[in-house]
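The structure appears right after this line, and notes come after that.
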Amino acid sequence: MSSSSTSAAADQQGRQSASPNRLIFISVLVATMGALAFGYDTGIIAGALPFMTLPADQGGLGLDAYSEGMITASLIVGAAFGSLASGYISDRFGRRLTLRLLSVLFIAGALGTAIAPSIPFMVAARFLLGIAVGGGSATVPVFIAEIAGPSRRARLVSRNELMIVSGQLLAYVLSAVMAALLHTPGIWRYMLAIATVPGVLLLVGTFFVPPSPRWLASKGRFDEAQDVLEQLRTNKQDAQREVDEMKAQDEQARHRPKARELLRQGWVIKLLLIGIGLGFTAQLTGVNAFMYYTPIILKNTGMGTNAALTATIGNGVVSVIATLLGIWAIGRYGRRHLLMTGLVMVILMQAALERWVACCNSCRRT
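Taken in order, the sequence shown gives residues 1 to 366; the numbers are from UniProt numbering.
Here you go:
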């Protein structure tokens, strides 16, 4: 074969593989708009709270410590309901339709918080926003994993966490910039209204991505699943192989023991407790207190509002850098080693923080 023929064949193969790669990229980008909205909605409250505590005649809602906690916690409570409900909705109606529904909730919740005339209205809007946040946290990684395929699954699913922390960083940066440039009453309303943007992008984007092939297979629609996979994979053989695996998994699922029987097996209980324990550990570190209240904490140390908001950006920068390092390290060192290293670092930093606080209190007494 001549060199020109070889080059032409290579170009054709490149074009054939480019289309699936492009479709996967678009699908992941669209899905992670839900993660970006998640991050922005959880991060922007830190910048908005200092202005929401102002009296009503100064553009705020006149929040006290109790109402601050209610507004902040209402999103988390809503997220708990959203994460539980989204599994059922996603399994019944599909990942794509679920993402579309969540995008509407993101938009409605963000608009509700931006126009909230009272504290109860704000709590209700934040609860609605929380449902979208919780649903997104459960649905987005599943959709990405089922679109990506086995070879790219871990690398692409990790983009979900990256977009969450990027959304938080974006929220911190915009809060600081808007506080420095805008001096209008009710500036917090503009901060919260921006949260509609990723929701709109998610809504529009869902009309340009394919349905989950795994969900189609779970409904017995294997021909449709294969059609989707042929758009997402570089060759039909890979698509056929995945469909065959789905058929085998579907057959195994019919003979799988019920949940009650599984819970009698020791190894299942062990894995379940480890998963629950990791979730509790992540929350008990107190990271949410810093994420939501850093500007208020810094203001109590004597900083001005603008300076406190600017300093909060450091939290977001560290989170993004740590996530990027984690994405790199997870493929190099494995999940277990990375998890153990992270837990050891958390313990050491918590101990160092405790000693620092103790020293500060001791110096104040003297």
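Just so it is clear, CB atoms sit at the ideal spot from N, CA and C, and this is done for glycine as well.
For residue i and residue j, I'd like the C-alpha separation in whole angstroms.
i, j, result
"L309", "A73", "21 Å"
"M178", "M191", "8 Å"
"G136", "S83", "8 Å"
"F222", "L232", "15 Å"
"V317", "L102", "27 Å"
"L201", "I276", "33 Å"
"G331", "G199", "31 Å"
"L181", "K236", "55 Å"
"L169", "T323", "12 Å"
"K247", "A217", "7 Å"
"A193", "L111", "6 Å"
"G39", "R241", "36 Å"
"residue 414", "A132", "Residue 414 lies beyond the stretch modelled for the chain, which goes from 1 to 366, so this question has no answer here."
"S17", "I187", "In this prediction, S17 scores a pLDDT of 45, lower than 50, which makes its location untrustworthy; the coordinate-derived value is nonetheless stated afterwards. If I take the Cα positions, the gap works out to 48 Å."
"M163", "L156", "11 Å"
"I115", "M122", "8 Å"
"R260", "G279", "23 Å"
"P295", "V140", "30 Å"
Below 8 Å on the Cβ atoms is my guess for residue i versus residue j; work out the distance and round it to an integer in Å.
i, j, result
"Y292", "I89", "Y292 to I89, Cβ: 28 Å. No contact."
"V28", "T206", "About 13 Å separates the two Cβ atoms, so there is no contact after all."
"G130", "G78", "2 Å"
"I144", "N160", "6 Å"
Mapping DSSP to helix, strand and coil, what is residue i?
i, result
"M163", "helix"
"N21", "helix"
"I44", "helix"
"K219", "coil"
"L63", "coil"
"R336", "helix"
"T234", "coil"
Alpha helix (DSSP H) containing residue i: first to last residue?
i, result
"D57", "Taken as a continuous stretch (DSSP letters only), D57 belongs to no alpha helix (DSSP H), as it is neither H nor E."
"P141", "I119 to A148"
"L309", "T305 to Y333"
"S209", "For the sequence presented, residue 209 should be read as Val rather than Ser. Element bounds for V209: n/a, residue is neither H nor E."
Would you check whether the ligand MN has a heavy atom nearer than 7 Å to the C-beta of residue i?
i, result
"E224", "In the structure shown, the ligand MN is absent, as is every other ligand, since no ligand is present at all."
Taking only runs that begin and end inside the stretch 84–116, name each unbroken alpha helix (DSSP H) of 4 or more residues, in chain order.
95–115, all fully within the stretch 84–116.
Residue ranges of each alpha helix (DSSP H) run of no fewer than 4 residues wholly in the stretch 250–301, ordered along the chain?
259–262, 266–284 and 287–300, all fully within the stretch 250–301.
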